[in-house]
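Number of protein chains: 2
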Amino acid sequence: MGSLQNQKPDNGFAGTIKPLDPEEFRRQGHLVIDFLADYYKSVERYPVRSQVEPGYLKKRMPDSAPYDAEPIEDILRDVQKDIVPGITHWQSPNYFAYFPASGSIAGFLGEVLGTGFNIVGFNWMSSPAATELETIVMDWLGKMLNLPSEFLFSGGGGGVLQGTTCEAILCTLVAARDQMLKKIGRENINKLVVYGSDQTHSALQKAAQIAGINPSNFRAVATTRADAFGLTADALRATIESDVESGLVPLFLCPTIGTTSSTAVDPLGPLCDVAEEYGIWVHVDAAYAGSICICPEYRHFLDGIEKAHSFSFNAHKWFLTTLDCCCLWVKDPGALIKALSTYPEYLRNKASETKQVVDYKDWQITLSRRFRSLKLWLVIRSYGVANLRKFLRSHVKMAKNFEGLIGMDKRFEVVVPRNFATVCFRISPIEIGGNHQIVTKEDAANNFNAKLLESINESGKIYMTHAVIGGVYVMRFAVGASLTENKHVIWAWKVVQEHANALLTSS
Amino acid sequence: MGSLQNQKPDNGFAGTIKPLDPEEFRRQGHLVIDFLADYYKSVERYPVRSQVEPGYLKKRMPDSAPYDAEPIEDILRDVQKDIVPGITHWQSPNYFAYFPASGSIAGFLGEVLGTGFNIVGFNWMSSPAATELETIVMDWLGKMLNLPSEFLFSGGGGGVLQGTTCEAILCTLVAARDQMLKKIGRENINKLVVYGSDQTHSALQKAAQIAGINPSNFRAVATTRADAFGLTADALRATIESDVESGLVPLFLCPTIGTTSSTAVDPLGPLCDVAEEYGIWVHVDAAYAGSICICPEYRHFLDGIEKAHSFSFNAHKWFLTTLDCCCLWVKDPGALIKALSTYPEYLRNKASETKQVVDYKDWQITLSRRFRSLKLWLVIRSYGVANLRKFLRSHVKMAKNFEGLIGMDKRFEVVVPRNFATVCFRISPIEIGGNHQIVTKEDAANNFNAKLLESINESGKIYMTHAVIGGVYVMRFAVGASLTENKHVIWAWKVVQEHANALLTSS
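Below you can see the structure in the form of structure tokens.
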């Protein structure tokens with residue numbers, strides 16, 4: 001068709017793709033929204049824990065990238081055929097593993113809007129709305145948690161959205177480290193000591209590793225069942241005193257509100273008092289349980305926070321905000337900024353020079369940052385404080401119901417008191433019997449419960465994970481997936497009983 | 001309506017929100033897709049650099065979170081009214097600042113799918129598809145870049161998706177640090193030295209700060225205009241030798257392919273030879289220019305990479321993948337894993353025990369990780385290698401055109417040779433005249449060009465940023481926004497000329 005004369009001059013641009021054509025964006029965007037709506041509709045039917053074998057996907061994919069373009073319809077077909085079977089469905093109503101990754105329409109749409117704008121918000125200038133919305137939402141959320149005003153921008157502190165708790169701990173640890181080294185001299189870096197308990201998340205140890213803390217100066221202070229696996233002030237003090245006697249320098253303490261293994265709570269008040277005596281920076285990690293502290297009846301778990309230096313929780317766990325979104329507040333942003341700021345020529349700008357603006361690049365590890373505040377803003381506005389509280393309480397209620405069901409079956413026991421919406425339970429040793437020569441009753445129980453959990457998870461019907469606390473192997477039942485209703489909890493209990501029956505019969 | 005008897009029992013769950021209702025998800029999802037499609041349609045009309053004043057959003061927002069739910073329609077109205085004016089439009093076709101954040105339909109949809117699945121992919125088990133797709137796509141991309149096979153999984157190395165280059169550098173630096181400390185003893189941490197040039201991105205300095213490297217052991221080796229602001233092997237060697245003489249221990253070198261200020265290229269081959277002599281870990285940062293090395297005619301910029309230890313580039317810059325997506329390859333994943341792994345009881349699982357699987361949590365700072373490989377996979381499949389090359393070349397061609405336009409106006413000069421799609425230019429000192437008593441011609445030129453740039457950016461018509469290289473203030477014109485066509489480049493040049501005319505007349 002058409003002679004050469006009628007063709008537009010090429011100029012080297014003919015045939016170039018239009019990767020952001022608005023109407024094609026609209027068409028493909030609607031396709032993917034429908035794909036995901038259908039996914040949520042059917043997610044209950046998939047095995048919760050993926051049942052694929054290592055290497056499954058390599059067999060289904062070419063070794064090299066395609067040379068030519070492929071239509072979105074083909075790609076979505078492959079997502080359904082090849083990717084979905086390899087997904088462990090964190091959004092399934094039958095997902096009770098680890099801690100929840102509670103998705104929501106509002107959290108999803110906030111991420112989608114941010115992805116659409118695709119700004120790189122390292123400083124105020126690079127998109128003022130991203131920085132300003134973040135400062136506003138972090139003050140909103142700080143007030144919802146009834147944080148002391150020193151943690152809010154309005155009170156001289158401030159909040160920042162990190163990706164994960166690992167980053168929040170690393171940033172505050174580096175701030176604390178540099179503050180201390182300024183006092184005692186950099187040559188003493190190998191004397192710095194970091195404190196947690198044997199229940200503290202591995203994020204603390206990893207942050208210490210990255211920050212160059214001497215690995216032999218990482219203290220996982222022992223906890224006991226008698227103290228419900230909370231870190232006691234006495235145990236902390238004894239450890240610190242011994243370190244000080246050895247000439248070491250106490251630096252950083254990370255108490256937890258809702259530990260990963262059993263949702264234990266470290267007593268903030270007494271721990272902060274000890275820390276204060278020794279000039280230790282206290283970072284409070286409420287990754288899981290922070291969310292429910294917006295309910296007044298749970299706020300007491302944060303009592304003592306007024307004496308801490310920094311506080312974080314993960315909105316992507318149990319606050320309807322998609323991964324990743326860790327909310328970190330500090331009383332002294334200056335300490336963070338001193339440790340993390342750089343100001344190369346190519347980032348200089350009028351707004352930063354006036355010091356009237358927040359440049360979040362200096363509050364975190366990375367320079368580039370996504371527009372994360374949008375999703376938190378959408379979650380809070382779409383649901384409102386009242387509904388968020390109601391929703392979190394509904395999970396606690398479901399966990400209570402599950403606990404009640406356990407209580408009606410004498411073969412099972414709840415191993416530690418439930419604080420939030422996670423239940424740690426097992427088949428008790430009495431049931432299994434200790435008629436072995438070598439192994440103790442407890443060992444036998446641990447083995448049996450591990451077998452039971454694997455048989456449940458292999459079925460794909462529900463997914464739970466485990467922990468070992470005080471030497472006891474427990475199954476963890478964490479309620480919090482957004483699609484979970486009470487009927488799923490009741491059904492989950494039936495699944496547990498059926499698998500227990502089968503295993504007890506066969507053994 | 002209805003008597004109490006007819007109501008379903010409450011059980012404490014009545015009135016709870018349904019945050020993942022599939023049909024409501026569908027409805028709201030379509031609304032947001034349309035919102036964004038309309039945004040792309042109109043983005044050209046917005047001032048590129050946001051024109052709001054610091055604090056603008058605080059005046060428009062309540063001080064506290066809303067107690068009750070608000071409809072998505074109201075929220076989207078506020079996004080348009082309050083957020084869009086505060087956005088600096090990185091997706092505008094008239095955006096030529098920093099480096100591009102090249103969005104695309106495929107990159108967007110990949111992020112959307114990943115957000116929808118909302119898995120927390122710390123290890124293989126937590127969603128096998130996320131890990132396996134990442135290993136496959138990283139090998140695809142490694143082959144597209146013609147990386148030596150030692151960097152690929154198929155050759156004993158491997159790739160991982162980090163958020164940003166800051167994380168990639170920090171992870172490899174920590175791996176190098178721990179490897180070296182194992183040899184020389186942890187008490188020598190303050191002797192470790194990190195090397196870059198005065199053109200290296202501030203990410204290196206920040207990573208060194210975080211990793212606990214003595215700040216006085218950070219070397220920004222001087223570059224010169226004569227060497228096109230590349231780091232020379234001679235200058236590196238001289239610096240290293242002086243450090244070794246002082247009893248310090250050379251640790252880490254970060255050469256750049258495409259520096260931020262002027263897209264200068266450090267000569268990998270000669271630098272790696274020097275590094276090898278001293279046992280230095282070499283991490284190659286090709287954050288910006290890595291993308292175009294998928295075109296055979298640009299691959300020579302990576303010559304020498306076979307002697308480096310690790311390599312990274314940002315797919316979120318110039319590879320149509322939305323923020324954040326930094327591709328990192330290492331020859332020795334074991335070094336990374338040794339420095340970054342933790343394996344607490346609650347993450348133990350059968351697949352990890354067999355060591356048949358990759359657990360990416362041990363390749364990065366954070367435990368939790370998003371399903372980032374989906375977007376890279378969608379970009380590569382949706383466009384194919386051929387179109388990706390063509391598209392990147394079209395940006396180079398536009399930058400060349402811009403250079404040509406500069407060449408036709410004798411008042412202007414291109415300050416450094418253009419390597420890729422970024423042009424560094426200014427009004428030359430001759431034009432401005434040096435008729436000042438105190439300031440030199442060069443100082444006057446610097447001031448004038450700074451004023452010119454600010455007047456251009458204030459107009460909102462186009463957005464460029466600046467750099468100072470070898471004492472010379474330059475305007476940077478970086479082509480790469482996905483909506484930019486040659487007509488926008490031609491228009492941008494007119495805008496520059498008009499503002500120059502006005503300023504030259506008035507001064």
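Residue numbers (the UniProt record's numbering), protein chains in the order written: chain V, 1 to 507; chain F, 1 to 507. Heads up, the beta-carbon is just placed ideally off N, CA and C, and yes, glycines get one too. Computed from a prediction, not measured in an experiment: that's the story for all the values here.
Ranking F:R418, F:D409 and F:H395 by CA distance to the CA of F:P100 puts F:H395 first. Remark: C-beta atoms of F:K331 and F:E111 do not approach each other more closely than 8 Å.
Ranked by Cα distance from F:G196, the first of F:Q205, F:I189 and F:Q497 is F:Q205. For F:E297, not one C-beta of chain V is nearer than 8 Å to its own C-beta. The contact set of F:M144 on chain V, defined by CB atoms closer than 7 Å, consists of A65 in chain order. F:E132 belongs to the set of residues whose beta carbon lies under 8 Å from a beta carbon in chain V. Sorting F:Y56, F:P85, F:L57 and F:A315 by C-alpha distance to the C-alpha of F:Y39 places F:P85 at the top. At a cut-off of 8 Å between beta carbons, V:R370 contacts chain F.
Selection F:H309, F:E403, F:D273 and F:F313 evaluated against F:A289 yields F:F313 as nearest (Cα-Cα). Contact holds between the stretch 108 to 124 of chain V and the stretch 364 to 374 of chain V, because three or more Cβ pairs, one in each stretch, are under 8 Å apart. Between the stretch 47 to 54 of chain F and the stretch 458 to 469 of chain F, the count of Cβ pairs shorter than 8 Å is three or higher; the stretches touch. Taking 4 residues as the shortest admissible run, the stretch 251 to 312 of chain F contains the following complete alpha helix (DSSP H) segments, listed from N- to C-terminal end: 268 to 278.
Burial state of F:H283 is buried, judged by a 10 Å Cβ sphere holding 16 or more other Cβ atoms.
Unbroken beta strand (DSSP E) stretches of 3 residues or longer found wholly inside the stretch 130 to 173 of chain F: 158 to 162, given in chain order. The beta carbon of V:V414 sits closer than 8 Å to those of E403, I406, G407, V423, C424 and F425, all from its chain and outside the five residues before and after it, given in chain order. For V:A129 against F:L57, the beta-carbon gap comes to about 6 Å, under 8 Å, which counts as contact. The Cβ of F:H499 sits no closer than 8 Å to any Cβ of chain V. With contacts defined as CB atoms closer than 8 Å, V:A176 and V:W329 fail to qualify as a contacting pair.
Between the alpha carbons of V:P296 and V:L302 lies a gap of roughly 11 Å. Looking at F:T232, F:L320 and F:S428, the one whose alpha-carbon comes closest to that of F:S482 is F:L320.
Between the C-alpha atoms of V:R27 and F:L378 there is a straight-line separation of about 16 Å. Chain F has no Cβ within less than 8 Å of the Cβ of V:E353.
Close to chain V, meaning a Cβ-Cβ distance shorter than 7 Å, are the following residues of the stretch 373 to 387 of chain F: L378, I380, R381, S382, Y383, G384, V385, A386 and N387. Taking 8 Å as the cut-off, the Cβ atoms of F:P255 and F:D266 count as close. The CB of F:E187 comes closer than 7 Å to the CB of N190 in chain V, given here in chain order. For F:L236, the enclosing alpha helix (DSSP H) begins and ends at A233 to E245. With a threshold of 8 Å between beta carbons, F:S202 makes contact with chain V. Residues of the stretch 37 to 69 of chain V that bring their beta carbon within less than 8 Å of a beta carbon in chain F comprise A37, D38, Y39, Y40, K41, R49, S50, V52, P54, G55, Y56, L57, K58, M61, D63, S64, A65, P66, Y67, D68 and A69, in sequence order.
Residue-level contact check: F:K494 does not touch chain V, since none of the beta carbons of chain V fall below 8 Å from its beta carbon.
Residue environment for V:P93: buried (at least 16 other C-beta atoms within 10 angstroms of its C-beta). Around the CB of V:N501, fewer than 16 other CB atoms lie within 10 Å, so the residue is classed as exposed. Between F:S42 and F:N486, the alpha-carbon positions lie close to 18 Å from each other. The Cβ atoms of F:L251 and F:M180 sit closer than 8 Å to each other. 8 Å or more divides the Cβ of F:I380 from the Cβ of F:W124.
Between the C-alpha atoms of F:V385 and V:N419 there is a straight-line separation of about 53 Å. Taken through DSSP and simplified to helix, strand or coil, V:W377 comes out as helix.
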